[in-house]
Structure formats: structure tokens, C-alpha cells
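Reading the sequence shown from the start, the letters are residues 1 to 228 in UniProt numbering. A virtual CB, placed ideally from N, CA and C, is assigned to each residue, including glycine. Below is one structure, written out as C-alpha cells; comments come after it.
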Amino acid sequence: MDRLKIRVLPDIVNAMVLTAAFSAGNSYVYCASRSLFGLALEGKAPRILAKCNRHGVPIYCVGIVLLLALLSFLQVSNNAAIVLQWFVNLVTASQLINFAAMAFTFIRFKKAMDAQGLSRAALPYTGWFQPYLAWYGFTGCSIMAFVGGYAVFLPGKWDIPTFLFSHTMIGVCPLMFFGWKIHKLTKFLKPEEVDLFKNVAEIEEYTRNFVPMRPRNALDKWFNRIFG
Numbered sequence: 001m002d003r004l005k006i007r008v009l010p011d012i013v014n015a016m017v018l019t020a021a022f023s024a025g026n027s028y029v030y031c032a033s034r035s036l037f038g039l040a041l042e043g044k045a046p047r048i049l050a051k052c053n054r055h056g057v058p059i060y061c062v063g064i065v066l067l068l069a070l071l072s073f074l075q076v077s078n079n080a081a082i083v084l085q086w087f088v089n090l091v092t093a094s095q096l097i098n099f100a101a102m103a104f105t106f107i108r109f110k111k112a113m114d115a116q117g118l119s120r121a122a123l124p125y126t127g128w129f130q131p132y133l134a135w136y137g138f139t140g141c142s143i144m145a146f147v148g149g150y151a152v153f154l155p156g157k158w159d160i161p162t163f164l165f166s167h168t169m170i171g172v173c174p175l176m177f178f179g180w181k182i183h184k185l186t187k188f189l190k191p192e193e194v195d196l197f198k199n200v201a202e203i204e205e206y207t208r209n210f211v212p213m214r215p216r217n218a219l220d221k222w223f224n225r226i227f228g
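So, in C-alpha cells, the structure goes:
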């Protein structure tokens, strides 16, 4: 756009990119902090992380996530950018494994529903082409987790730190999973043994009593309609 001497449009694109980056960052801070909060409630993270302020915000969880976000400033330095890329590779592999685990969880959930004679029509939301798309997601994410750092295997590209940060989580996640099961002496359940009704009553009660917050003004109304 600059080479074509197009005015204004490059600034609009920059503004849109910054807005998208802020939106993604806001979403990830929320998801990460609430995940950490949930772990604290279940006793899988320090109990202090379960503390909330008077607005119900898990302030310590949000603080930790925001501190981790400061790693993005490593990009300012060319040398530090390499370290940032290591973290990006580590997080990318973690996310791929995370999505693979979610897809596999749904596959087992559907298997349990079928084994117990429950119809998916009773669910508030059902996706198309299941469980085939779940298998597609599980297979695709699993493969990408392994090939994400493939460049280090090319001739002359071998780099130990890059290899470790690209593939460490592939070994760490199974160790954490089976380590937890061994430590807590939990067992794998057969489809017919899975409790599909745990906490359902609480969720249904919350849904019945939920009162959506009314917009404070016209701007708030349109903002909620666009981003809600």
C-alpha cells in the first residue's frame, strides 16, 4: 500500500491489526486466568490463586498471566527474539496437545452417551458430522504437534534448544497425566461407567436463574451486540 502510495488505508489496516491483537490478548488472558483459577479450586494449584476481589475477579491469577505476557517484549531485541520464539514453539505445541485432548474427550463423551442410551438431541448444542470431525481434529492436532518443529531435522538446521522447546511438551504431557493418575490412584472408566449427570443440576439451576445484565447505554448495547 505504501509502495502504491495509497493514503489512509495502511493506517486503517494497522488499526485493525492492533484491535485484533488486543481482542486475542484479552481473550487469552481471560481463558488462562480462569483455567488457573479452576485448577486452584480443584486443589491442583496453590490455594491462594482461588482468592477473588469484590467483583469476583481472580486477581492473583490475572496478575500471573499478565506477568507472563511481559515475555512478548523479548521481541524488541533481536537476540532475545530467539528466546521468545522458543516460548512460542513451547506454547504452540501445548495448544495443539490441548486441542487434541479436547477432541479425544468429546469422542469418549459421545461413546459414553451411546453406551448409556442417551441421545445427543438432549444436548443444548450439537455439532455437525460427529464424531468424524472430532477424530479429524484429534488426528490433525496430534500430527501437527509432532511435525511443528520439523525444520530442526533438515540438513544443517539441527539446534538442540529449538528441538527441546518444540517437542518437550510431547513428553511432558503424558508424564503429567499418568503421574497424576498414579499419584491419585484414579482409573480409566468404561463408557457405561462414566457419570454423565455430575453437576448437571447445578448448571440447569444457574441457567434458569440467570438474569442477563442490561446495557447501561446505547454504546454498551452495540458493543455487546458486536463482541458479545
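Among residues of its own chain, excluding the 5 on either side of residue i, which ones have a beta-carbon nearer than 8 angstroms to its beta-carbon?
i, result
"D2", "P10"
"F138", "A100, A103, F104 and I107"
"P58", "S33, R34, L36, F37, A40, L49, A50, K51 and C52"
"F22", "none"
"K157", "A151"
"T186", "W180"
"R47", "A40"
Going by alpha carbons, who is nearest to residue i out of the options?
i, options, result
"S35", "C173, P174, V62 and P161", "V62"
"residue 229", "R120, Y125, S142 and L66", "This structure cannot settle anything about residue 229, because the visible part of the chain is limited to 1 through 228."
"M213", "Y60, T126, N224 and Y125", "N224"
"A45", "W222, L123 and Y60", "Y60"
"E204", "P191, E193 and L123", "L123"
"V194", "K157, T207 and A115", "A115"
"residue 236", "E192, A69 and R7", "Nothing about residue 236 can be reported from this structure: the residues present for the chain run from 1 to 228 only."
"V147", "Y132, M169 and M176", "M169"
"E192", "I82, C31, G117 and A20", "G117"
So, under 8 angstroms CB-CB, residue i and residue j are touching, yes? Tell me the CB distance rounded to an integer number of Å.
i, j, result
"A93", "A151", "The pair is not a contact, with the Cβ atoms about 14 angstroms apart (cut-off 8 angstroms)."
"A134", "L196", "The Cβ separation is near 17 angstroms, so there is no contact."
"V65", "V91", "With 8 angstroms as the limit, V65 and V91 do not qualify as a contact, their Cβ atoms being about 12 angstroms apart."
"L71", "F87", "6 angstroms"
"Q95", "K110", "So it is not a contact: roughly 23 angstroms between Cβ atoms."
Within the same chain, show all residues whose beta-carbon is closer than 7 angstroms to that of residue i, passing over the 5 residues directly before and after it, in chain order.
i, result
"G149", "N89, T162, F163, S166 and H167"
"C173", "I97"
"T126", "R120"
"K184", "none"
Hey, could you find the ends of the alpha helix (DSSP H) residue i is sitting in?
i, result
"R34", "L9 to L41"
"C52", "Premise fails: C52 is in no alpha helix (DSSP H) and is neither H nor E."
"T168", "I160 to K184"
"L154", "First-last for L154: undefined, no H or E at that position."
"L74", "No alpha helix (DSSP H) holds L74; DSSP gives it neither H nor E."
"T139", "Y132 to V147"
"Y206", "V200 to N209"
Can you find a C-beta in chain B that's less than 8 angstroms from the C-beta of residue i?
i, result
"A151", "In the structure shown, chain B does not exist; there is a single protein chain."
Less than 7 angstroms separating the Cβ of residue i from some heavy atom of the ligand GTP?
i, result
"E204", "The ligand GTP is not part of this structure, which contains no ligands at all."
Could you pull out every residue in the same chain whose Cβ sits closer than 6 angstroms to the Cβ of residue i, ignoring the five residues on either side in sequence?
i, result
"K221", "P215"
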